[in-house]
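Each step along the sequence shown adds one to the number in the working numbering, with nothing skipped, and position 12 is 61. Just so it is clear, CB atoms sit at the ideal spot from N, CA and C, and this is done for glycine as well. Data block below; observations after.
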Amino acid sequence: QVQLVESGGGLVQAGGSLRVSCAASVTGFRVADMGWYRQAPGKKREFVAAITSAALTNVTDSLKGRFIISRDNLKNIVYLQMNNLKPEDTAVYYCNCRLYGDGHDYWGQGTQVTVSS
């Protein structure tokens, strides 16, 4: 029914930028909200950013000004542009989506982002 595939993770030096993408393959439903979470080693998964189908965005306060979320509704792709990256941004980044008329959260497999100091 729903498949989320992330791409674009990798290794970057502190101060650099990286963009991760997530493509949603969906049958039978329309995609509502899409977003990103991250989980660093030994820590709980935390919310990063979300965007509605109307392009309303929400970025967690600590990342505002550095992280930007956007989406392509026609292709069901969500992007996370990460700027001025810091070592503490190192984590597995997970894509999330919700569908209209469906009460579930769907997750991608995650993409590793590593920021070296």
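ask   = Does the Cβ of phenylalanine 116 have 16 or more other Cβ atoms within 10 Å, making it buried, or fewer, making it exposed?
value = buried
message = According to DSSP, is serine 56 part of a helix, a strand, or is it coil?
response = strand
message = Taking 8 Å as the limit between beta carbons, can you name the residues of its chain near alanine 81, skipping five residues before and five after?
response = Thr101, Ser102, Cys146, Arg147, Leu148, Tyr149
query = How big is the Cα-Cα spacing for glutamine 52 and valine 97?
reply = Within the model, the alpha-carbon separation for glutamine 52 versus valine 97 is close to 20 Å.
task = Can you grab the Cα-Cα spacing for the pair glutamate 137 / leucine 112, in whole Å?
result = Glutamate 137 and leucine 112 have their alpha carbons spaced roughly 11 Å apart.
ask   = Based on Cα-Cα distance, which residue from Gln50, Gly58, Gln130, Gly91 lies nearest to glycine 77?
value = It is Gln50 whose Cα lies nearest to the Cα of glycine 77.
task = Please go through the same chain and pick out, in chain order, the residues whose beta-carbon is closer than 7 Å to the beta-carbon of threonine 139, but skip the five residues on each side of it.
result = Ala89, Val162, Thr163, Val164
ask   = In three-state DSSP terms, what is serine 102?
value = coil
task = Pick out whichever of Ser119, Arg120, Ala99 has its Cα sitting closest to the Cα of aspartate 110.
result = Ala99
inquiry  = Only counting the same chain, and skipping five residues up and downstream in sequence, which positions put a Cβ closer than 7 Å to that of asparagine 122?
reply    = Ser102
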